[in-house]
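Residue numbers (my numbering): 362 to 1616.
The beta-carbon is built from N, C-alpha and C at its ideal position, and this holds for glycine as well.
What follows is one structure encoded as structure tokens, with my remarks underneath.
Shown next, in the form of structure tokens:
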């Protein structure tokens, strides 16, 4: 397999010599990759005022590094730019089995050269020979030999696996290596092409000449005549040699001492030029001024294709159809392999077209080529395409790269059908321009809206009106208009048929509305049933909102439900208190009934009159007996409708109650080691050593089962009905990294059911560092993050008592299978599309077709945000998403678009049914407006967004690594007020949910998360945090959610300083309640960094690899702790560990005042069992930990530490009451010498310190 490009190059300065180094990086055993794709090399212009790379290299040695390259072709992604990138670990590989092959470098201008060098990495590569010649050219077309063809041996033991070739000095601009044989692989392979030569006769001159005088131009037809003022060289310099001319940033001419140049370009091409002076030593001046000749379209051409929807029969990599209509010649579409290929642009309606202009990038890197294609069209009333222009060969000449095809037709779509391309394996189009004008068609617009009464109250019915006009040139058939209030469709009204220029006013009865302000949006023809000249102008937003005032009278609403106990055990009697507010203007004046229903129990309580504006805490009579798993509580004010209220629609509130600790998950987990198995039991060592390819340490319960041989299996007998399975597993990585796929056989009651496909693509990180971004996907040394999960819906449901067996059969070919656990779940059927929601399929999304649905999803979300539709519906299916869904910033503030969506509702059919996925790793995305850290999947949220019942499966493989590798974020943004996220499944992201943006990131949009609710979340297999509340997040909660295999804190509050006002915007009053956390492979189960009023309650935390189950800390420079922080009623099992080079040990619960005090901490009603080191640990740091209260806590089996430990530099105090500690390895309560920490309520035992304090 190919070796990953991770070996850094070492620069060597060689004076007075020109050397070309060709460095190869292919091991002796090498598997072939995907088919070669002839994409054109990118040519980067030198920034103005900086030395030309060739001139800089002349002084430093290597003339080739960073220079433009060309090639005969390349395999897979191994293009020729890799041979001049300065990295000996990357390489060019030619097309396989196609000798002769060549690679050449453009040195920028003709310079003297006399030596080249070819290299392979010094380690890990077998000896091989290559037969090659060195050739030179001054014009890029006529080449002569500098060194004739011969066979050279590359030996890792000789000259660090390099070959040096010397030859007589020659002046050349283009240096080519032509390879005719390779004993190690059937292709040419070069890792670095370095070129060296003498100093050019200029002595040691390193001073560039003066910038040329003012550049100007005149034009006549296709001729552009450039002229400029002369430059001068520095006194005593090597002398002025001439000028280099650059077009669109790429050098197009190297001239002598002349101050003019004529270029030929098509009149419709926009080109820019600048000039640089060159001295004999090769130094280049700064850029002259830039002049731009703006091209004109074909005479009379109005391009009606730009920005229109484009589709294709397929595309290669990120060269997608939209690139062909984006107005940029720097992007392009390239078809998928296999002719014919089609590229189609939808004009929206019929247009009378006169020509089609097909363009490629005019950059010289795009050589001349011939493409054969046909032009087809589709009438707006038709479903099939007809030929407009027969197939023909069209030559795209380098430098202009455009053809014009005359067409005379009326069509709604234009399609190009490609049959061949001499320059690449598929059709290529940078811009498809269609010259035309709209044909006669209607064009419906809403010209105004109004309502009566003008100032309604909550009890007054509202009638909405909209005036619709046909501004087109043909009559419009009858249709409808939707009128929305506050983003929700209030009603629909019929619009009669309208002649061109005619108008009609229609009305909608919107009924009564609660007090508030409502943006009014009217959309005509909302389902696009009428073909119009312009579908983009159907929406109208009223200039001022509809304001509904408060009506006189009482209005009761339930504002809160409190249960006692809040987290009951099974069988406990639970009572309730309901907060009932009268938000009206008059007292209720009568006794009402406040009702609570929960788990089949109904409880009623009489409630006396409540004054206007007052809130009554109603203690509900009776109790409910808690049942396993929990229930939904529904509280209703005025349940018997005694009071005539101004709003009868706001009397009900619901919330969940979970019985016991942890989340009430819908699945049951089965541990491999607890089932019946034939295989090898893996068990962790006593220290639970992590980071050294320790499978058992990373296993749930610190045990798993390995299947090495055919016939070995793990079997589980279910205790619940199930129609789905999740398998947590580990299989080997590919030898070169990148993961493998392998099947395992699933049997039910001894009968083969199906194969399950397992993958290691997202597991296996390598390295001995604990730096969060210091790991690699490239095999070598120790590994961690060894497990991942596979999931499958089964064809039927199986009852409790069913035996499920995972067995390695003959066709299951992984070298080993390690089974940790399975989840069995009875998945509910997909839900139906809710009323008022619009499906993404109406915007063009197609499920399960493998094509990118981002554009359709984005349009649907934007329409919801703008009030065009009431809700976005994601139906059952697999939907590919390759760009973050967000709001395009109209002001383009900052380098990256970081404006999220607001006032949006997105609903799916269930997390097992409606699933978004991406195939592209975030850092490999080309174009788009997503931030590289935030990735190309999921949603960017600014405020008031509800997302429920979907899955988001990312493509991340690392937290941060070589080449800018990133993992992406599922949900991110400011989040603001009113956001609710429920039942969302996120995997393979860097972070599941990151709440908050720094204030400096668009200050005008500052809006920290407030009152956020995350429930039913399922976040697994990340490379960093699960959910992190930062940047002033407050009053927010994560409830009844599960987390597994996170790569940093599963849950965290970080009271970051990057806020608007550090005295106000403090992370506070957040709660992590009834969550289950398993197997964080880095950092904590739950962490709080600063702030006040934050609560960690009723959680279950299992098997942290190296950090505490719960940690309070002041590292990461947070705002200070203040007020109270509560840790209550949690269960921690097998938590704590060693990290940072295994030099720091952490307890199950750890307080670490790294820089500031940690105050106001209460730890109560908690169970800490089987800790790797200490049960509760107070670490040494720069701060104090005064007044910690610990009560009703049980600590058992602190395997390598104390029950409670105060380290040698710890400062503070703790008071214990009803604390039980048993089976501690080094003592139940230990205060190390040197510590001033005091513990009261028990007698501490003193001992010597056993580990260093934290830095």
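Going by alpha carbons, who is nearest to residue 964 out of 978, 1253, 983, 979?
Checking every option, the nearest Cα to that of residue 964 belongs to 983.
In chain order, what residues of the same chain have a beta carbon less than 7 angstroms from the beta carbon of residue 1261, not counting five sequence neighbours either side?
Counting only Cβ-Cβ distances below 7 angstroms, and skipping sequence neighbours, we find 1247, 1248, 1301, 1302, 1303, 1334, 1335.
Ignore the nearest five residues each way along the sequence and tell me which others in residue 1438's own chain have a CB closer than 6 angstroms to its CB.
Contacts found: 1404, 1411, 1446, 1462.
Identify the continuous alpha helix (DSSP H) that holds residue 1218 and give its terminal residues.
Where residue 1218 is concerned, the enclosing alpha helix (DSSP H) stretches over 1215-1226.
State the CB to CB distance for the pair residue 981 and residue 1018, rounded to an integer number of angstroms; the pair is presumed to be in contact (CB under 8 angstroms).
Going by Cβ atoms, the distance from residue 981 to residue 1018 rounds to 13 angstroms, so no, they are not a contact pair.
Can you list, in chain order, the residues of its chain whose CB lies under 7 angstroms from that of residue 1474, leaving out five sequence neighbours each side?
Cβ neighbours of residue 1474 beyond the five flanking positions: 1448, 1450, 1513, 1515.
What do you reckon, are the CB atoms on residue 573 and residue 595 nearer than 9 angstroms?
No, the pair does not count as a contact, with Cβ atoms beyond the cut-off.
Look at the alpha carbon of residue 735 and the alpha carbon of residue 681, and state the distance between them as a whole number of angstroms.
So the two alpha carbons sit approximately 20 angstroms from each other.
Got a sec? Which residues, its chain only, sit under 7 angstroms from residue 1596 by beta carbon, not counting five neighbours each side?
Here the set comprises 1567, 1568, 1569, 1570, 1571.
Would you check if there are 3 or more beta carbon pairs closer than 8 angstroms linking the stretch 516-525 to the stretch 427-434?
The stretch 516-525 vs the stretch 427-434: no contact.
To the nearest angstrom, how far is the alpha carbon of residue 1149 from that of residue 987?
Between residue 1149 and residue 987, the C-alpha separation is close to 35 angstroms.
What residue from 763, 1547, 704, 1561 has the CA that sits closest to residue 1601's CA?
Taking only the C-alpha atoms, the option nearest residue 1601 is 1547.
Mind checking whether residue 1070 and residue 1169 have CB atoms under 9 angstroms apart?
Yes, the Cβ-Cβ distance between residue 1070 and residue 1169 is below 9 angstroms.
List the DSSP bridge partners of residue 1165.
Residue 1165 pairs with 1077, 1109.
Just to confirm the assignment: which complete beta strand (DSSP E) runs, minimum length 3, are found wholly within the stretch 457-523?
You should have 462-480, 489-498, 505-515.
Helix, strand or coil for residue 1034 per DSSP?
If DSSP states are grouped into helix, strand and coil, residue 1034 belongs with the helices.
Residue 690 by DSSP, collapsed to three states: which one?
The answer is coil: DSSP assigns residue 690 none of H, G, I, E or B.
Output the distance between the C-alpha atoms of residue 917 and residue 1469, rounded to the nearest integer angstrom.
Their Cα atoms are separated by approximately 46 angstroms.
Who are the near neighbours of residue 1560 in its chain, counting only those whose CB is closer than 8 angstroms to its CB and skipping five residues on each side?
Cβ neighbours of residue 1560 beyond the five flanking positions: 1047, 1531, 1532, 1533, 1534, 1586.
State yes or no: is the C-beta of residue 1385 within less than 9 angstroms of the C-beta of residue 1359?
No; because the gap between Cβ atoms is not below 9 angstroms, this pair is not in contact.
Check residue 1601 in the structure and name its three-state DSSP category.
The answer is strand: DSSP assigns residue 1601 an E or B state.
Give the straight-line distance between the Cα atoms of residue 1193 and residue 959, rounded to the nearest whole angstrom.
Cα to Cα, the separation comes out at about 26 angstroms.
Would you say residue 1471 reaches chain D, if we count a Cβ-Cβ gap shorter than 9 angstroms as a contact?
Of the chains in the structure shown, none is chain D; there is only one protein chain.
Determine the DSSP secondary structure at residue 445, reduced to helix, strand or coil.
In this structure, residue 445 counts as helix in the three-state DSSP scheme.
Note down the Cα distance separating residue 1040 from residue 1064, rounded to an integer number of angstroms.
Roughly 13 angstroms separates the two Cα atoms.
For residue 712, count neighbouring C-beta atoms within 10 Å of its own C-beta (all shown protein chains included) and say buried if the count is 16 or more, exposed if not.
Buried is the call here.
Can you find at least 3 beta carbon pairs, one from the stretch 528-542 and one from the stretch 459-474, that sit closer than 8 angstroms?
Verdict: yes, contact present.
Give the straight-line distance between the Cα atoms of residue 808 and residue 1354, rounded to the nearest whole angstrom.
Spanning the two alpha carbons is a distance of roughly 42 angstroms.
Of all the options 773, 771, 788, which has the alpha carbon lying nearest to the alpha carbon of residue 779?
Answer by Cα proximity: 788.
Run through DSSP, which three-state label would residue 702 get?
DSSP places residue 702 in strand when its eight states are reduced to three.
Is DSSP giving residue 1315 helix, strand or coil here?
Coil, per DSSP.
Could you have a look at residue 570 and say whether DSSP puts it in helix, strand or coil?
Looking at residue 570 - three-state DSSP - the assignment turns out to be coil, as it is neither helix nor strand.
Buried or exposed: which applies to residue 415, given that a residue is buried once 16 or more other Cβ atoms fall within 10 Å of its Cβ?
A caution first: residue 415 carries a pLDDT of 35, below 50, which makes its placement in the model unreliable, though a value can still be read off. The residue in question, residue 415, is buried, as its Cβ has 16 or more Cβ neighbours within 10 Å.
Grouping DSSP H, G and I as helix and E and B as strand, with all else coil, what is residue 1371?
Reduced to three states, the DSSP call for residue 1371 is strand.
Quick check on DSSP: helix, strand or coil for residue 1050?
If DSSP states are grouped into helix, strand and coil, residue 1050 belongs with coil.
Assuming residue 1038 contacts residue 1066 (C-beta within less than 8 angstroms), just tell me the rounded distance between them.
The Cβ separation is near 5 angstroms, so the contact holds.
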